[in-house]
Amino acid sequence: INTTRKTKMMFARSSKVSSLVNRTVTTNNLRLLSTVDAKENTLYQYAICPFCNIVKATLDYSQTPYNAIEVNPLNKKELKWSKDYKKVPVASLKGEVIYGSAEIVEGLLTKHNNDKELWPPSEETQKWTQYAMDDLAPLLYPNLCNTLPNSYKAFGYVHGVDTFSTVEKYSIQSIGSIAMYFAASKIKKKRGIDDVEEALSEALVKLEEKLKGGSPFLNSASTTEPDLGDLFVFGVLRGLEGLPVHDKVMTEFESISNWYQSMDTIVKKEKVGTA
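Residue numbers (the numbering used here): 15 to 289.
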């Protein structure tokens with residue numbers, strides 16, 4: 015595989031998101047890979063990774079067919095071809111390998127130029143993409159894996175991965191859930207969080223208040239189609255589906271629930287062949 019781009023770890027994510035949002039995104043950009051066979055686009059992921067789900071939401075809405083490959087978090091054998099980078103998401107779009115969620119979305123949206131703007135740059139777009147990546151996504155693992163039983167349940171997704179053997183499935187769920195429980199504890203300490211549920215609730219209150227304003231989307235200027243901010247936030251929340259945290263969010267936050275169901279319908283309508 016020809017690796018042409020790598021994540022620049024020395025740059026803050028905020029700079030990358032700002033750069034992404036400030037580009038002119040066009041209809042042609044958004045649909046640029048829609049006629050490509052799924053086998054030409056590959057996304058290496060963890061099913062419950064919020065950053066992977068940001069990419070998946072954008073790929074789905076952009077009608078980009080792709081093959082999703084679940085990475086074994088214990089040995090990462092699916093990424094053995096990548097010597098220096100073993101994190102997810104990683105995408106191969108028509109042979110171009112791109113590392114990192116913001117970088118993948120940027121690569122997807124800026125391949126070609128067209129005069130018709132779909133998502134003009136806006137402060138609101140930047141605000142909500144930043145919110146998804148810096149405020150909301152980092153709180154998910156501490157909430158999913160706040161106890162060993164919850165962490166074990168969160169890793170239950172592996173039993174739906176056909177490429178994993180039975181031994182791998184149980185090993186990942188057992189060992190992976192323990193590892194993630196301790197990793198989540200480190201995230202909690204790093205961010206100075208005393209109560210992970212309260213921290214998530216406070217972050218969601220911001221989103222709920224915004225959606226109570228009456229606009230169908232996060233960018234108040236957009237009334238007919240979702241903004242990049244909508245896709246980022248939706249992607250983060252979609253990764254929780256099937257887990258207690260997702261049910262709790264949908265139950266306790268009415269405006270978020272209504273917006274989420276609308277986004278789910280829109281994204282599913284646009285989605286095309288995914289392997």
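All residues carry an ideal CB built from backbone N, CA and C; glycine is no exception.
- Closest in alpha carbon position to A198, among N67, L162, K70 and E137, is L162.
- The beta-bridge partner set that DSSP reports for A105 consists of L57 and I112.
- Here C66 has L57, Q59, Y60, V102, P103, S115 and G253 as same chain residues with Cβ atoms under 8 angstroms from its own Cβ, once five neighbours each way along the sequence are excluded.
- For I201, the uninterrupted alpha helix (DSSP H) segment begins and ends at S191 to K204.
- Scanning N89, K70 and D278 for the CA closest to the CA of Y80 turns up K70.
- Residue pairing by DSSP places E84 opposite Q59 in a beta bridge.
- Cβ contact annotation for N233 (same chain, cutoff 7 angstroms, sequence separation greater than five): S136, E138, T139, D241 and G243, in chain order.
- CA-to-CA, the gap between K141 and L153 works out to about 17 angstroms.
- One alpha carbon belongs to D148, the other to V247, and they sit about 11 angstroms apart.
- Linking I186 to S229 through their CA atoms gives a straight-line distance of about 42 angstroms.
- Collapsing the DSSP output to three states places F248 in a helix.
- Taking a cut-off of 8 angstroms for Cβ pairs, the segment 260-276 and the segment 208-225 touch, as three or more such pairs fall below it.
- Measuring C-alpha to C-alpha distances from Y274 to each of E255, V286 and K285 identifies E255 as the nearest.
- Listed in chain order, the alpha helix (DSSP H) elements of length 4 or more contained wholly in the segment 205-287 are 210-225, 242-252, 258-266 and 268-284.
- Sequence-distant Cβ neighbours of M277 in its own chain, meaning closer than 7 angstroms and more than five residues away, are P240, D244 and F248.
- With fewer than 16 other beta carbons inside 10 angstroms of its own, P258 counts as exposed.
- For T161, there is no enclosing alpha helix (DSSP H), since its DSSP letter is neither H nor E.
- Per the C-alpha coordinates, the member of T180, K224, L88 and G121 positioned closest to L73 is G121.
- Per DSSP, T72 is one residue of the alpha helix (DSSP H) stretching across P64 to Y75.
- With a contact defined as Cβ atoms closer than 8 angstroms, Y184 and C159 miss out at about 18 angstroms.
- With 16 or more neighbouring CB atoms inside 10 Å of its own CB, E117 falls in the buried class.
- The continuous alpha helix (DSSP H) containing Y184 extends over residues T180 to S185.
- Relative to V281, the option among E54, K167, N89 and T78 whose CA is nearest is T78.
- A straight-line Cα-Cα distance of about 16 angstroms links D208 and L150.
- Only exposed fits T180, as fewer than 16 other CB atoms lie within 10 angstroms of its CB.
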